[in-house]
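In UniProt numbering, the protein residues as written are 1 to 572.
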């Protein structure tokens, strides 16, 4: 019933308003009567009641119940004259518009009050729900549930030990870190790491999102912060986790008066609460963000978030362990090659790997398999990368198929010649549901750095599709299929010159850091690189034109080629 109380109250108010307005405006409309006629009827004793409505009109009720409207003479002896002639006189000067305005304003204030009460009660309910939920999960998650991120695990072990045995550190005068900031790309396991810290420490886990504190009502966010910390302090030892802290912790613009801004008040409340911890109290605040560069410096100074820990994308060994962990309790064939899958899933986060395994399980169920097979994992991988295969291909003519085949073959051949250490997982001319006419999955090796030559060769591979089209069909028949390749190549050239300082003439120069107005020079440089690299890759394909025709012919025949197929064609 409480769930609908606000709605019922609003309905009752509007119904009441409608009744009042109806009463005021749906009365019988009085007829007009001249004043001399009214006086004649009054003296004859035909008038029963006279109501002084306003300064302009009198409302006259006759003994036969008819209703008339008469001009108001506004004389001082008017009432006495009416009474002497046997009529009842009433003074009813009511401003109907004023009544409606009062009702309207009362309704608006009432709705606003109920809304505010509802929001405030919702805040309390949310905090209670968070408390209960995380108390229940207190000891479920541990480091056994996390594959990879070994460096991060090592960096938080002393925090866990500090929570468990603060006296050990107090004897040496050590103070417990106020907060830990986990940063890294989305889906890498920052929330899971925070849960594991609470689980390993066997303490309550209070989790909220930064966006929960940003509200339209001033002071609500700061109030939530204080309530959250008050609950945590009652537990004496606890982990408070704030996800997406950039929602409240963004850098504040200098020189602007933002003291009344809701976000600033919330951030100030958080900083105050963190500063109010007693030494070795046993409460640690963990925050997570994927936008470290946007955070306010006040959050990152010593005494606030003392420790910054990167939760990065998993390497090949970590991906293997993550896949093994997610497949652990699922029925699967023994011949599944996790090493192959770990090699292919470069730049996959932990969340993406979990999604891949789940997609494979769904595919297995749809195909009525009792176990997950290698083909299900492969299909799930390609589904995540490029979407599903398009079933209806009736609209694709032979000319379009040929253009797509040469385009994708150009990418594949350039990869084999320029980046032989990369693996061509799949080349296909089967269109996908994401709008690709075909696609080429080129998987690089895990590497810490990219060399200058690698970047230039990678750009050439991106331009090879357009170059193949021009070689085979002519410069007047190139297509729009290379738009995404050109976009990526342009971005890489821009970073090559402006970010990495690899240009021979400009040298160690970063335009963003220098903040110079050198757009025209840089634009000309980018155009020059694009033109030269395109010319080089076109010459490379032209030199190996027979191999390009051979790969294309096989691709049209089979629709899909893999690494082994292309290797055999290159060795012929």
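The beta carbon of each residue, even a glycine, is placed where N, CA and C say it ideally should be. Predicted, not measured: the structure shown is a model, and the values here were computed from it.
Residue(s) in a DSSP beta bridge with residue 193: Position 193 of the chain shown, counting from 1, holds the residue named residue 193. In DSSP, residue 193 forms no bridge with anything.
From 422, 290 and 222, residue whose alpha carbon lies closest to that of residue 268: Position 268 of the chain shown holds residue 268. The candidate whose alpha carbon is nearest that of residue 268 is 222.
Sequence-distant residues of the same chain with beta carbon closer than 8 Å to residue 343, five excluded per side: As a working mapping, residue 343 is identified with position 343 in the chain shown. 316, 423 and 443.
Contacting residues, own chain, Cβ-Cβ under 7 Å from residue 46 (five flanking each side not counted): Here residue 46 is taken as the residue at index 46 of the chain shown, counted from 1. Once the five neighbours on either side are set aside, the close Cβ partners of residue 46 are 62 and 63.
Residue closest to residue 172, alpha-carbon to alpha-carbon, out of 349, 547, 162 and 477: In the chain shown, counting from the first residue as 1, residue 172 sits at position 172. It is 162.
Sheet register partners of residue 424 (DSSP bridge): Stepping through the chain shown from its first residue, residue 424 is reached at position 424. Answer is 442.
C-beta contact flag for residue 387 and residue 407 at 9 Å: In the chain shown, counting from the first residue as 1, residue 387 sits at position 387. In the chain shown, counting from the first residue as 1, residue 407 sits at position 407. It is not a contact, given that the beta carbons lie outside the stated cut-off.
At least 3 beta-carbon pairs within less than 8 Å: the stretch 198-207 vs the stretch 291-309: Cβ pair count under 8 Å is below three, so no.
Residues that residue 181 bridges to, as DSSP identifies them: As a first step, residue 181 must be located in the chain shown, where it is residue number 181. According to DSSP, which records beta bridges pairwise, residue 181 is partnered with 287 and 308.
Residue 74, DSSP secondary structure in three states: By one-based count along the chain shown, residue 74 stands at place 74. In the structure shown, residue 74 adopts coil according to DSSP, grouped into three states.
With 16 other Cβ atoms within 10 Å as the buried cut-off, status of residue 546: For this step, residue 546 is matched to residue 546 along the chain shown. Per the 10 Å Cβ criterion, exposed.
Delimiting residues of the alpha helix (DSSP H) encompassing residue 162: The count along the chain shown starts at 1 and reaches residue 162 at position 162. 150-164 is the extent of the alpha helix (DSSP H) around residue 162.
Identity of the residues DSSP links to residue 90 by a beta bridge: For the purposes of this step, residue 90 is taken as residue 90 along the chain shown, with counting starting at 1. Among the bridge pairs identified by DSSP, residue 90 is matched with 51.
C-alpha distance - residue 266 paired with residue 225, whole-angstrom precision: Reading the chain shown from its first residue, position 266 is the one you call residue 266. Reading the chain shown from its first residue, position 225 is the one you call residue 225. Spanning the two alpha carbons is a distance of roughly 7 Å.
Euclidean distance between Cα positions of residue 71 and residue 40: Taking the chain shown and counting its residues from 1, one reaches residue 71 at position 71. Taking the chain shown and counting its residues from 1, one reaches residue 40 at position 40. Rounded to the nearest angstrom, the two C-alpha atoms are 14 Å apart.
Stretch pair the stretch 518-527 + the stretch 395-410: three plus CB contacts closer than 8 Å: no
Three-state secondary structure assigned by DSSP to residue 169: Numbered from 1 along the chain shown, position 169 holds the residue referred to as residue 169. Three-state result, residue 169: helix.
Cα-Cα separation, residue 502 to residue 237: What you label residue 502 is simply residue 502 of the chain shown in a count that begins at 1. What you label residue 237 is simply residue 237 of the chain shown in a count that begins at 1. Straight-line Cα distance between these residues: approximately 51 Å.
Close beta carbons around residue 600, own chain, < 8 Å, minus the five adjacent residues each side: Absent from the model: residue 600. The displayed extent of the chain is 1 to 572, so no value can be given.
CB contact below 9 Å: residue 171 versus chain B: Reference to chain B is not applicable here, since this structure consists of a single protein chain.
Identity of the residue in 539, 494, 300 and 29 nearest residue 472 by Cα: To locate residue 472, count along the chain shown from 1; it is residue 472. Selected option, being the one with the closest Cα: 539.
Bridge partner(s) assigned by DSSP for residue 389: For the purposes of this step, residue 389 is taken as residue 389 along the chain shown, with counting starting at 1. In DSSP, residue 389 forms a bridge with 432.
Separation of residue 213 from residue 340, as counted between CA atoms: For the purposes of this step, residue 340 is taken as the residue at position 340 of the chain shown. For the purposes of this step, residue 213 is taken as the residue at position 213 of the chain shown. Going by the C-alpha atoms only, they are around 44 Å apart.
Backbone secondary structure at residue 492 - three-state DSSP: As a first step, residue 492 must be located in the chain shown, where it is residue number 492. Helix.
Alpha-carbon spacing of residue 141 relative to residue 301, whole angstroms: For the purposes of this step, residue 141 is identified with residue 141 of the chain shown, where counting begins at 1. For the purposes of this step, residue 301 is identified with residue 301 of the chain shown, where counting begins at 1. Taking the straight line joining both Cα atoms gives about 30 Å.
CA-to-CA distance, residue 240 to residue 583, given in whole angstroms: The shown model of the chain, from 1 to 572, leaves out residue 583, and the question about it has no answer.
For residue 404, three-class secondary structure by DSSP: The count along the chain shown starts at 1 and reaches residue 404 at position 404. In the structure shown, residue 404 adopts helical secondary structure according to DSSP, grouped into three states.
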